[in-house]
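A quick write-up on the structure given underneath.
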Ligand SMILES: Cc1ncc(COP(=O)(O)O)c(C=O)c1O
């Protein structure tokens, strides 16, 4: 995928000049800047970014330029990206599952001094590579009940309160610096889940009898998909700051936040071209479940869509119909589960633009069936579903 160079005014201008025939991501730096501002204004602590959400160099680079000084990384490859595009930034190795070789590289090559675990054996594993010292932060990931509405990570990661208190004690006894973290699940539309986890963190600290260095309240903040029932972001920030005050009082640890989705969703739209239309019910586009629509497929999020016929928005004079959207591969799995309402005469060579496509899209592209090219463009104005760009 090429890096942005020319800047286009909007989608219409891009189509007029390039008529993109490959799946294309349209990135708007101004919108990314706006999202960072929301977190900087609302959160009183260390704002970091979860690289896994969108590891594109232009995203990492701009976030660093906007003042993000630390990144959550899950693999050695993500560490390389941060080193290359955000030189000098701190990294927190927050994937509990690591090999000794990966830990060695993280410590020696990338200078990482913060590691997350969720099992006592991982403490022994870490100690076999990284000599205990108070310069090394070991963060225990815990869980405190599933959020009412989120994509749950608790099935895979996190220990319950009692076990977390025991691990925190072990971390301290071994001579590392103990911290705690949690993740309420992605696209968490239940702000109370943060309050519940912060209260649990305070109980774990009390039970272990150890003062925490930091509390990492993770990611999970929601993107404004049309189907979202989440309260506004300010409600999350207020809930978090009140819960920290109420539960920790004067013993407040330093706070870290590591959003992915809520930072990068709105800065990118996705422009796919129609290859075939069948029976007024099915459209076949040039990327799908094995590419940029992987998350739309398995998480069932429904992004906003609009249709272009050449550089003009196309609404077929208000005649719409319900369509199934298929990807380009030779696999019947390659279809979206949602029904999309599109102009009833949508046809080959039109484009469908999906808004709010910056998160978990560029992160999960595959070359299945040889569909390995996606292009990258920069635009001054991006489609988010809220506003309509004027057609030329
Ligand atoms: C440890 C960790 N932190 C942060 C995130 C980002 O979460 P979100 O994109 O829901 O904000 C993830 C996502 O998987 C994660 O695993």
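Numbering (my numbering), first residue to last: 62 to 453.
Ideal Cβ placement from N, Cα and C applies to all residues, glycine included.
Distance from the CA atom of residue 162 to the CA atom of residue 168, rounded to whole angstroms, is 10 angstroms. Two segments are said to touch when three or more pairs of C-beta atoms, one from each, lie closer than 8 angstroms; by this definition the stretch 385–396 does not touch the stretch 103–122. Beyond the five residues adjoining it in sequence on each side, residue 251 comes within less than 6 angstroms, by CB distance, of 208, 209 and 210 in the same chain, given in chain order.
Taken through DSSP and simplified to helix, strand or coil, residue 250 comes out as coil. Counting only unbroken stretches of 3 or more residues, the beta strand (DSSP E) elements lying wholly within the stretch 102–184 are 107–111, 131–134, 151–154 and 175–178, in sequence order. In this model, residue 332 and residue 265 are separated by some 47 angstroms (Cα to Cα).
For residue 319 against residue 371, the beta-carbon gap comes to about 42 angstroms, at or over 8 angstroms, which does not count as contact. Ligand 1 approaches residue 113 closely enough that one of its heavy atoms is under 7 angstroms from the residue's Cβ. For residue 66, there is no enclosing beta strand (DSSP E), as DSSP gives it neither H nor E. Under DSSP, residue 337 forms a beta bridge with 345. Rounded to whole angstroms, residue 271 and residue 283 show a C-alpha spacing of 32 angstroms.
When the five nearest sequence neighbours on each side are left out, the beta carbons in the same chain lying within less than 7 angstroms of the beta carbon of residue 256 are those of 300 and 304, in order along the chain. In this structure, residue 214 has its beta carbon less than 7 angstroms from a heavy atom of ligand 1.
Here residue 370 carries a strand assignment [DSSP, helix/strand/coil]. According to DSSP, residue 220 shares a beta bridge with 203.
For residue 323, the shortest separation between its Cβ and any heavy atom of ligand 1 lies below 7 angstroms. Our two residues, residue 219 and residue 425, have alpha carbons roughly 24 angstroms apart in a direct line.
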